[in-house]
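Chains as they are written, first to last, in full-length UniProt numbering: chain G, 1 to 558; chain U, 1 to 226.
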Ligand code: HEM
Ligand SMILES: [Cu+2]
C-alpha cells in the first residue's frame, strides 16, 4: 500500500469522484444490461460469473464423455462405441476436465469474484489482463474442440510420446489449444499474485488475509512457475508431430523419458493448482459453519505454500516404472510423502476447528464432510502409491484412476459445489432450497463412492486403465461403477435444476445470510459495481474471527 | 485508501499532464508497483519457457557428448560474437532510454529506442546469414540433416541442430516481439506521453528487451562456445 494509506481512517485528501454520493448503487448484475456490457466488462465480478458459466458448460461436456466411457465398460466386449471412439472419449474426457474445468474452475469463477472483495479492493490489479485470460481460455477451448470434432485424439490426456507423435489422430490442434489455455492460466495467476501484493485495503496485513486468499496466492505461484514448462513441452510435441524432429522419439535418438520429466514437472504441480483452491474454499466454509475461528490460521496458510513448494519436487513418482534408478525412486518417494505431511496439517486444523464448534449443518458443510473424507482417503492412497514398491503393481491400473479421482476430482468437486452454494447468495442475491441442497449433496457423495471404490478394487485385482475390453471376471465391479456414475450424474442434474430455479424465483438474500465473518460479506449481496458503497469497511479483526461458543458467555456476563 | 484519480486541476501549459491513476488503484505508486511486479513475474515465466529448452540441451549433451561437441564447432563463432556484442549494446541503449525518461526527455527516449531497434534489426540480419549458410550446407534439424561433412557423421548431430534451430528460433521470435514493443513505446514517447513521474511503459519495455538480451547471453555459450 502507499505510505499514506497505513491508517484505517479515510485518506484526508481523497476527493469523492463525481456521482459517488447518489443514493442508488445498482448491483454489478444490473449495472449495464447490454450484451456488450457483459462481454467487454472489466469488472472482476462479471468476469467471474462468465467463467462460472463456461466452466459449468465444460463440466457438462466432460461429464458426457465420462458417461460414454463408463457405459462402454458396462460389458466386457464392445457395448456402445467402437474401440477408437472409446480412446477418443477417455482422452477428451481427461483433456476437457483437467484443462477446461478443474484448473480454471475455482480460481476463474470464485477467485475472480471473491479475491478483490476479500482484499477490500475495487478490482484485480490488471482488469484487462483478466478479461484477456477468459478469452484465451475460450480461444484455446475453441481450437481444442475444433480438433476434437475433426479427428479427435487417442493418446490420453498425458500425451505420452512417442505415441502422440505417431498417431494419425489430430494431436496438433488439441495440444495447441492446451498451450493457449496455459497462457490463460499464467495470466490469472500473475494477476492474483500482483493483486494480493498491491491491492490489500488498509488493515489487511498478510496475516489478516482470508485463507482462501492464501490458497489462491499459493496456487497462483504454481501457475506462474510450472505452466511455462508445459507450454514448451506442448510446443515441442506439436513441432515433432508436424516435422518429425525426433526430440522425444527413440527411433531418432530422442528420449521419451525426457518428455515425461518435462510433462510431470508441470502436471504434478498442476494437481495442486486443482486442489489448493479447494483447500482455501474449505477453510472459509469450516470456520463459517462451525462458528469458530480457524484453528491454527498460520499453519493452514503456510501449509499451502509448503504444498506449492514441495509439489515441485515430487514429479518423479510418476516414473517409478520408467527405468529410473532405485536411488531416484527413493528420493522422489520421500519428497512425495512430504506433501502428505503438509496436507495432514490442514486436515488436523480443520478437524480442530469443527471440534466443539456450534456446527450449522447446511449444504456447504455437507460438502465439507465429503471433502474431508475424499481428501483423507485419496491422500492415503497417494502415500501408499509413493511407496515405490507398491506403485509397481498398481501403476497404470484402475487403482491410479481411483486414487486421483478421489483426491483430485473428489476434493475439487466437493469444494466447487460447496463454493457454489456458499457464495450463491453473495453472487446472485438469491437463496436456494436447503432441503434440495442436502439431498443432492448426499447423492453426489454416495455416487462418487459407488463409482470409484469399485475402481480401487478393480485396480488391485489387476485391471489396467485405458482398455476397451476386459475379462468377464471384472464385470460386476464395472457395472457397480457405472451405476455409481449414473447416481452422480443425477445429483448434478438436480443441483442444476434447483439452482437455476432459485436464480429466477429464489427469495432475496440478505447481505450476510450465513452470519459469516468473511470479508466478502461486508458488502451487499450482490455487491455494487465498485464493491463497496460509502466508507470502506474497517479491518481490525482476523478474517475468521468468531467468538468461541464456549467462551461466548464470559464477555456477556461481565 | 482508494481514491479514484490523482489528476490535479491545474498544470502549467506545455508540461505533460500528470498521469491519471486507474480507478481501482489507491495511488500512482501502487499502480506502478503493480505494473513492475507484473512485469517481473512475466519475465520469470519467459525464462522458465527457455529453461525447458536448456533442460533438453543438457539431457542430449549428456547423451551425445561427441556429436554435440562436433556440431557446435560448426557454428560461426565470429558472427555469434558480433551478434552478442550487438545485443549487449542494444541493451545499453534501452537502459539509456529509461535514464532519459526519468528526466522527462522524451526526444532522447525516442532516439535510444530507434537505436535499439536498429541493432535488433542488425542482429536479425546476421542471424539470417547464419541460417542461410546452414540451410545451404544441410545442417538442419533431425530428419532434414543432409550435410555430408565427415566430421559431422556422429550420433547426435541432427539432434544438436534441432535444438539449435528451436532455441535460436524461439529467441528470434522474442527479438521480433521486442522490436514491436519498443516501437510502440517509442511511438508514445514521440507523442510526449511520459513524464519524470510516469515512465512505466518505457521501463517495462526496456525490461523486456533486457530479457531478450539475457536469454541470448545464455544461448551463446551454450550453443557456440562449449
Ligand atoms: C493432493 C492432491 C492430489 C492430486 C490431485 C493427485 C492427482 C494424481 C493424478 C492425476 C495421478 C495420475 C496421473 C496419471 O498417470 O494419469 C496421480 C498419481 C499418483 N499420485 Fe497423486 N494426487 C494427489 C495427491 C497425492 C499424494 C498426497 C501422494 C503421495 C503422498 C500422491 C501420489 C501419487 C503417485 C505415487 C502417483 C503415481 C501412480 C502411478 O502412476 O503409478 N498423490 N495423482
Ligand atoms: Cu503426481
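All C-beta atoms, glycine included, are put in the ideal place defined by N, C-alpha and C.
- Here DSSP, grouped into helix, strand and coil, assigns residue 464 (chain G) to strand.
- Close to residue 245 (chain G), with beta-carbon spacing below 7 Å, are these residues of chain U in chain order: 141, 142, 162.
- When the five nearest sequence neighbours on each side are left out, no beta carbon in the same chain lies closer than 6 Å to the beta carbon of residue 64 (chain G).
- In the DSSP secondary-structure assignment, residue 528 (chain G) is bridged to G:27.
- At a cut-off of 8 Å, the C-beta of residue 233 (chain G) has a neighbouring C-beta in chain U.
- Inter-residue distance for residue 100 (chain U) and residue 227 (chain G) is about 36 Å (C-alpha atoms, whole angstroms).
- In the displayed model, residue 33 (chain G) falls within coil according to three-state DSSP, outside both helix and strand.
- In summary, residue 536 (chain G) is buried, with 16 or more beta-carbon neighbours lying within 10 Å of its beta-carbon over all protein chains present.
- Against residue 193 (chain G), the close residues of chain U are 37, 41, in the order they occur along the chain (beta-carbon pairs closer than 8 Å).
- In this chain, the alpha helix (DSSP H) harbouring residue 203 (chain U) covers 200 to 220.
- Residue 308 (chain G) has its CB no nearer than 7 Å to any heavy atom of ligand 2.
- Cα atoms of residue 375 (chain G) and residue 24 (chain U): separation of roughly 38 Å, rounded to the nearest angstrom.
- Look at the stretch 135 to 189 of chain U and you find no whole run of alpha helix (DSSP H) that is 4 residues long or longer.
- In this structure, residue 546 (chain G) places its C-beta atom within 8 Å of the C-beta atom of residue 291 (chain G).
- Secondary structure note for residue 297 (chain G): its alpha helix (DSSP H) is the uninterrupted segment 297 to 310.
- Here DSSP, grouped into helix, strand and coil, assigns residue 397 (chain G) to strand.
- Taking 7 Å as the cut-off, one finds at least one heavy atom of ligand 2 near enough to the beta carbon of residue 317 (chain G).
- Below the 8 Å Cβ cutoff, chain U contributes no neighbours of residue 295 (chain G), its closest Cβ being approximately 33 Å away.
- Close CB contacts of residue 332 (chain G) within its chain, under the 6 Å cut and outside five residues either way in sequence, are with 316, 317 (chain order).
- In its chain, beyond the 5 residues on either side, 260 have a beta carbon closer than 6 Å to the beta carbon of residue 319 (chain G).
- Excluding sequence positions up to five before and after residue 57 (chain U), its CB lies within less than 7 Å of the CB of 163, 222, all in the same chain and listed in chain order.
- Look at residue 392 (chain G): its beta carbon is at least 7 Å from all of the heavy atoms in ligand 2.
- Under DSSP, the beta-bridge partners assigned to residue 430 (chain G) are G:508.
- At a beta-carbon threshold of 9 Å, none of the residues of chain G lie near residue 223 (chain U); the nearest stands roughly 16 Å away.
- Within a 10 Å sphere around the beta-carbon of residue 187 (chain U) sit fewer than 16 other beta-carbons, which makes this residue exposed.
- The beta carbon of residue 111 (chain G) lies closer than 6 Å to those of 216 in the same chain, with the five residues before and after it left out.
- Residues of chain U whose Cβ lies closer than 8 Å to the Cβ of residue 190 (chain G) are, in chain order, 38, 41, 42, 45.
- Close to chain G, meaning a Cβ-Cβ distance shorter than 7 Å, is no residue of the stretch 186 to 205 of chain U at all.
- For residue 53 (chain U), a Cβ of chain G is located within less than 8 Å of the residue's own Cβ.
- Between the stretch 277 to 291 of chain G and the stretch 343 to 362 of chain G, the count of Cβ pairs shorter than 8 Å is three or higher; the stretches touch.
- Contact holds between the stretch 46 to 55 of chain U and the stretch 217 to 237 of chain G, because three or more Cβ pairs, one in each stretch, are under 8 Å apart.
- When secondary structure is reduced to three states using DSSP, residue 470 (chain G) falls in the coil class, being assigned neither helix nor strand.
- The DSSP-derived three-state label of residue 290 (chain G) is helix.
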